[in-house]
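Chains as they are written, first to last, in our numbering: chain A, 129 to 461; chain B, 6 to 327; chain C, 219 to 538; chain D, 1106 to 1401; chain E, 2 to 527. Glycine included, C-beta positions come from ideal geometry on N, C-alpha and C.
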């Protein structure tokens, strides 16, 4: 993997906890990753794995009753967790933008698409409303939307695909450094998903933007990402270049995921048994151990740490760490 | 004999706008579809289409939950589209349906036991209480739940378990055909995999055939031998799943191309524009505004589904001409 | 705008059967009233009941002939603004009611104003302080407020506020705006409680919606988020409730007017009911029915102004 | 479900208030030291003592006894009205919603017309025509209120009818009656219970209001609203006469409101009984981050 | 932001309400508003300059009767005057007639009218005008009875009016005193009919306007006694007794003056307030308990007497009325002392006797319906009395039911005759007034209140009494009639009213007479 990517966003030891009536929930536990310029990092995982909380943590928008415990979020050298609320507000939308899954609820139903984009622009830039409007129309057109009509439309008047593109236009209206797409293509039909993926990729290259692509759709991640991080029960269990990870998964969870998906599994599927763990009631060891076919004694007692097992490919698994040397050898030969 | 055959089925909804103004919305146009359901023709049939393509309406027509506005529905050679509910007992038992939203398809006020007993009581009134109970226990186990779950209410199950319960209700009466309306869409990968395998297993164990309605091509390909593609309320292509690569309709090909893949650099050749709204389907070939291969005739004339080769039908002016 | 106009026309047309129903009920009330209205009229006026007098009175009241004919006649009269004459004063009912209508309208407006002045700050503050002691106290206050019968509240206000305090009138509407104070409070208080609760719940619900999160993620100021995005959307269901409230409000005026000797139609109606002054009751019911229907129409229209989804549905937008 | 209700302090308070008021008023014949009706002029306006726990009213009747019996009457009549309303409203709504067509059209027209009048006003007028008296108040309130239930139930049925579980039941071979009885009724009832609880408070208020206006309870019947009306001239000299029944009404209504509010959260999460926007719902509940799962 | 949405809503609502106001047709011009504005302006501006004095009087009933009524407005408004009034001894007193005399044949009454009196519209008051009034009153259904013995009315001089009767009638001046001889300008009298176009009288105050429960009166500068002190008088109808008193306490009305205007139970509330003068006045009003004499079991006089015996009038007056009243000992008001015989009391409390009478004459399971007029109950404690009676009946095991109805409904119920007992206030002038209203077969109140009492003996005696020229003889006949009333008891008196009324302390020389008519002429504000 070439190292041309200048790191734009570096996340270190980020933890976000929820204090609920059912106890402490570690929704994001010691998360580390970085995203380079023009790079796309996909975070994949099943629902409840902590992907969305991680995304919201980056913007410091973890909903009540959650809060960020510790860590560092470096955006081009600034630690976002050290900023005061006003500075943080300037960062949101301007440097870090977010696109949600459900574009219908992203927009306030009683305001036009245009007014949403304009208010985003004027919240950060000192522009006259006419200038803001022009800018907004321009952005909509860039997304292949009929600018004037979509500008004046209410969210419910646009079809799902158009709306998602409008949401994308809104997020990109200020040329953010990093775009976080939280399940942005999930509920769309394949052809529409292809459209969105197309626009995302296009902007990635044209605007020197970084993309944090959060999804549970392995195929979409595979299609768009340069690198991928797999989350399970609030932790990153594996990360690495997308092809390596999908071809040769190191963590049993990753490989099980792939074997559950008809696109990646040629024969009969071998889905993971059981269901994702209850975050409020995690076993002390590896969270995947109860479902893991390779689970051992140590897996149930000790949390494995993320270690580089392969060039640029890391995994948190006792089993593989034990076989680390074997792997290295395999690589050499 | 064809198990179920729809002939020129059409469904339109009347939208009332006050008491003098009505508007008719066509959800399904002149759809002819036969479900032979043998190994050769396709034991399991996949119905693929994007949202708004009319597949859900077609499902409701085929399962006679709604009456078609036009056209006939033949069940084992017998026209049933106008039969009263009372004479549909055999059909109802043979054709079961699993909905996308499992939680909504389970009465929140009934425990699992009661949910499963309901079809048994209706279709097998001769069963004794004990027989019924045994049957319920057995099916619960077969779908991966335990007999202890009998007393639990739907909201006490996880999403995956709710789906299993819905499946159990469908298969408990030994149906011939189970229609799965988006039954695996929007689920986590592992759960989706589990359910797909469960379908396969039950298919073998009970001799159940499936009509899998989905927008998820990989899942359809995994489970089905035959794929029917819908667009704008019409069937545009109908072909064996293993011949998908040889599909002739540009829409089917676009669908296949839109699918993100790991292999090869992904540069989706995405379709321009939006799927048409059911209130205003374009004239001519409904796909022509988005079609990369459209020719002059496409805007004028609507192509009909024609036999290209054995078990392969397509509705495209270009199909079979190359 | 044309969509709006079309909608308005359509709504007005659908009102026709409702209004026919309303008038029919009103008419039937009079017709089914126990006793012979002609005889009642005579006894009311201390006039001897003789067959000749009865016949004269009957003709004057138009109470002979078969029912549909009488209804048609009555409806014609009503359309011309003729609601008959009051048994007690002998004045035309329409004049009597219209003369008192402004007072009732003032009262209702005052009640609404009080309601909003109380409900908005309360509801908003409670929502923003969610979960704190202040919120619980607010919720309890609101519930208690909604539970106090308005007649009781009115009496309490008279005894403990109006009488001891100089300058706050006990009754009537002679002192200008200040006279409106206590009746409005009595009328608006209970409703304010309901609205504060509703507004709080709506704000809380809206505040946790995705588009609020989206607005935050775009770096908008909190004031803009609450004002522009949360508040307006939280108001939409409030407007829906207004229709029901109008009923409570109109009903409430009856009680409040009686307690505060407010010279409005409500009091006139109660007196008429007690007096079996049927023409006045009939006029009142008709008027209230009309007013209520019209108000609901206006509320509907304003609802459409607030919520483009409803506005567009029939016109340009898609069909759900 | 009950657990959740009991955890909420306010609903619990409501429940306790209601139970207490029910218990106390139903036990009135045991608890009341005096007959609430006979006039004893020599005992008039006595202040509280051993014989009269709360003193006497202007006609020398024990205020405490009258309060107890008054509550009994209020509750009895409110419940009776509610029973009538439910017995008429629910079946009508179910049938209209399920059958549609003529029945539905007719119901909706009737509802439109009845609902074109403010509730209290219509009740007032109907009572006016029937003549004063509690029974007539009861009839008037029932006439006026059943429509709302029918309409709400109809609306619920219309929405439930499209729900997958009803379609599934058809597919499971259940006939119309079975669907109404097994699938619609159990799902319609909980929100109706909420509505009824909240409505009970409203009925208590309506009965008291009509009695206060002189249309309801006739003397010497000790109804709370009528008692306030009788006590008005003693507002300054003997305020207790008015304050006690007033507080009693407020407390009862509060109890029902608290309980109904709590029940709504438990029994009616879809919010059928809450006024909200019509078709296009912006308030699609956002997915909870951590929903409770059953263990597997 | 908050406020913008908020004001939008408020604006919408305002529009909505305005709309509701303008629904139908435009509200008629409101002369009252101008007047009110005038009043407000003038009171508000420079209080030092004593411009206009306004007296607002709270009353418990509407004094505005309208054009079809005999007098259009109640006499208490001081707008009109009659020919004759009564003095404290209930003897005829001159009013618009300076002098009343009787012709030789005792059949013609000669009224010498006051000179220099003009109606509010400027028309002169003279014999012709009076004649026109008498002709109208005779035709008017409400007063026809008072003139039933009249043969002819003649204007014999400019100010001499002669009324010829069919037979001698010593009580005629009394019979037509106050209301039945009300004089209105000939201009407003409908020719040949009975309606009045407007209440244009001769009194110290002129009618200005009626609106929203208020009668607005202006001083009549041309009043024959001189110009009244107070410039404007407003009669404000406040039906609710609590509101009335509250309004007086808050100073919104300057006086409460009418019969029964303040209930005895409200007196403690007003006592001890230095700004309020509490006054009492013995009035001609008495409270009666009457029976539907055709309905079993009260068709039996013994039952009626029995029920009457159950009422402890002494206790009732002392406790329920706090002493504001006089326990009745005769059917006639004690003000008419002369006509009452010296018997101690005809209506004393005797529960044993009552119980015996009821025991003997009442069958099992007979239910007594007690009707209460709740409009009156806002001025007299009729409902309490009814409940008291109910308790007393209950003690004897007699079941009863109270029906409380307002005026209109009450009258309907009386007409239907579906009741046994009811209570009413009644104000009489002279004994004949009482007997011929209540005991004469088919006569006024006897019929309209549903008593339906009929007795030939009574009829004869009443006829006889009214024609008896000898005062002493006449008195004896009335004693006989009182015996008969006691014996038959179609109605029994409960108590005689002692009305409590009140003014703010700055209202001076304001007094109500036994007819509860306040004399507004001398009154002034300090």
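Alpha carbon of residue i to alpha carbon of residue j, nearest angstrom
i: residue 46 of chain E; j: residue 53 of chain E; result: For residue 46 of chain E, the pLDDT reaches just 42, beneath the cut-off of 50, and the residue's location in the model is therefore unreliable, leaving the point undetermined.
i: residue 1444 of chain D; j: residue 1263 of chain D; result: Absent from the model: residue 1444 of chain D. The displayed extent of chain D is 1106 to 1401, so no value can be given.
i: residue 1265 of chain D; j: residue 1296 of chain D; result: 13 Å
i: residue 523 of chain E; j: residue 225 of chain E; result: 13 Å
i: residue 1143 of chain D; j: residue 1165 of chain D; result: 8 Å
i: residue 491 of chain E; j: residue 423 of chain E; result: 11 Å
i: residue 1150 of chain D; j: residue 469 of chain C; result: 34 Å
i: residue 475 of chain E; j: residue 150 of chain E; result: 18 Å
i: residue 306 of chain E; j: residue 354 of chain E; result: 9 Å
Candidates the options: closest to residue i by CA position
i: residue 1183 of chain D; options: D:1162, D:1314 and D:1349; result: D:1314
i: residue 513 of chain A; options: A:159, A:204 and A:435; result: Outside the modelled stretch of chain A, which goes from 129 to 461, sits residue 513 of chain A, for which no answer is possible.
i: residue 1162 of chain D; options: D:1194, D:1299 and D:1333; result: D:1333
i: residue 384 of chain E; options: D:1337, D:1338 and D:1324; result: D:1324
Limits of the unbroken alpha helix (DSSP H) element including residue i
i: residue 1371 of chain D; result: 1345 to 1372
i: residue 246 of chain E; result: 242 to 250
i: residue 1202 of chain D; result: 1168 to 1204
i: residue 342 of chain C; result: 311 to 346
i: residue 189 of chain E; result: Premise fails: residue 189 of chain E is in no alpha helix (DSSP H) and is neither H nor E.
i: residue 138 of chain B; result: 134 to 147
Proximity of residue i and residue j at Cβ, strictly below 9 Å
i: residue 263 of chain E; j: residue 321 of chain E; result: no
i: residue 283 of chain A; j: residue 232 of chain A; result: yes
i: residue 337 of chain C; j: residue 357 of chain C; result: no
i: residue 359 of chain A; j: residue 173 of chain A; result: yes
i: residue 521 of chain C; j: residue 463 of chain C; result: no
i: residue 1119 of chain D; j: residue 367 of chain C; result: no
i: residue 525 of chain C; j: residue 408 of chain E; result: no
Limits of the unbroken beta strand (DSSP E) element including residue i
i: residue 343 of chain A; result: 338 to 343
Using a Cβ-Cβ cut-off of less than 9 Å, list which residues of the region 427 to 439 of chain C approach chain A; keep chain order. Residues of the region 427 to 439 of chain C with a C-beta atom less than 9 Å from some C-beta of chain A are 427, 428, 429, 430, 431, 432, 433, 434, 435, 436, 437, 438 and 439, listed in chain order.
Quick one, which residues of the region 478 to 499 of chain C are near chain D if we go by CB-CB under 9 Å, in chain order? 484, 487, 488, 490, 491, 492, 494, 496 and 499
For the region 517 to 528 of chain C, which residues have a beta carbon sitting closer than 9 Å to at least one beta carbon of chain A? 524, 525, 526 and 527
Interface residues of the region 1352 to 1364 of chain D facing chain C [CB-CB below 9 Å]: 1352, 1354, 1355, 1356, 1357, 1358, 1359, 1360, 1361, 1362 and 1363
Under 9 Å (Cβ pairs) to chain B, residues found in the region 1253 to 1274 of chain D: 1268, 1269, 1270, 1271, 1272, 1273 and 1274
Can you give me, in chain order, the residues of the region 1193 to 1206 of chain D that have a beta carbon less than 9 Å from any beta carbon in chain B? none
Can you give me, in chain order, the residues of the region 183 to 203 of chain A that have a beta carbon less than 9 Å from any beta carbon in chain B? none
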